[in-house]
Amino acid sequence: MYAKKICCPTHVNKVNKKASVIRKHSKKEEVCSCNATVAPKTTKLDTDCILVNSVVGSKSVQKVAEITLPITAFEGLDLAEIVSISVVPNLDAITMNARIIRDKVVNIGLVPATITITLLGGVVLTPLTTTIPFQEHTDFPGACPEDILQESPLEVEGIFTQPGVPVLTGPVVGDLLEGILFKIILRTTITVIRPVLQDGSGNFCDINQNRCDISTTPPTFTFPTPDNGGLLG
C-alpha cells in the first residue's frame, strides 16, 4: 500500500516557520515529522470483479503505399535523362484510418513524401511533395468489431521507383502517357485488445456479450477527409 508524505527535508525550514506561526495562535504545539504518513482513501466496491484487457492477438504486418505519376507532374522531366530518384516519406504526417470487422483489420491512409529527381549533368528538378495512398486488409481470426485496435508507429522497409510506366490521362483508353511508379513498403505491429471482466475466482467474461454477433448487413464506414495540407496526389 502506498503512503503519501506530508513534508520532506527540503521543506523543513518552511514548515518550521509555518509551525512557529501556528504556535502563536494555538495552545497546542504543532510538530512536523517527515515520517508522518496519510493513508490513501478506500472505496467500498459492490463486487470483486475487475476490468482487464485481454489480447486477442498481435502480428507484424506490411502496408504498401503506391502511386503512379505522369511525367507532366515534373517540369522539364525526360525519362531518358534520369540519373536518380529520391523519395523521402514524412512518417510523422501520415494520415491513417483503421477499423475492425469480423476476423479482419482494414487500414486506409496517405503517406506524405517529397520526390526529387536528378538528371544528366547534375540537373535537379524542383522537388515534388505529394501524398501516396495505401490500403491494407489484414486477416485477423477472432477479432470482432467492438474490439480495441492498437498499432505501433510505421517503419519503412523499402522504397521502389519504376520510370516508364504508362498512365491513363483521359477518358479514352488510348490516352496514355509515360509516368513513374512509386512504392513504399511499410511495416507495423497490429494488436487487437478486448476488455473483459475477471471475477474473484479468476473466471473471465466479456463485458459486451454481443460484440462478435454476425450481422446480416455488411458494415459500412465513411472515413473523414484526409488533411493533405495542400499537397498534390
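Using my numbering, read the sequence shown as starting at 500 and increasing by one per residue. Backbone N, C-alpha and C define an ideal beta-carbon position, used for all residues, glycine too.
- DSSP places glutamate 580 in the helix class (H, G or I) of the three-state scheme.
- When the beta-carbon positions are compared, leucine 685 and alanine 592 stay at least 8 angstroms from each other.
- Relative to glycine 575, the option among Ile566, Lys682, Pro626 whose CA is nearest is Pro626.
- The residue among Val691, Ser585, Leu696, Gly657 with its C-alpha nearest the C-alpha of isoleucine 683 is Gly657.
- Of the candidates Ile689, Gly678, Val666, Ile689 places its Cα closest to the Cα of threonine 637.
- With fewer than 16 other Cβ atoms from the protein chains shown falling within 10 Å of its own Cβ, threonine 716 counts as exposed.
- In the three-state scheme derived from DSSP, where H, G and I count as helix and E and B as strand, alanine 592 is classed as helix.
- As DSSP reads the structure, valine 695 sits in a beta bridge with Val551, Asp705.
- Taking the Cα positions, threonine 724 is about 16 angstroms away from threonine 629.
- Taking a cut-off of 8 angstroms for Cβ pairs, the segment 580–587 and the segment 700–707 do not touch, as fewer than three such pairs fall below it.
- Glycine 621 carries a helical assignment under DSSP once its states are collapsed to helix, strand and coil.
- Taking C-beta atoms under 8 angstroms as the contact rule, valine 610 and isoleucine 631 qualify, at a distance of about 5 angstroms.
- Distance from the CA atom of glutamate 635 to the CA atom of asparagine 606, rounded to whole angstroms, is 5 angstroms.
- Comparing alpha carbon positions, the residue from Gln708, Pro640, Leu653 closest to methionine 595 is Leu653.
- Bridge partners of phenylalanine 720 according to DSSP: none are assigned.
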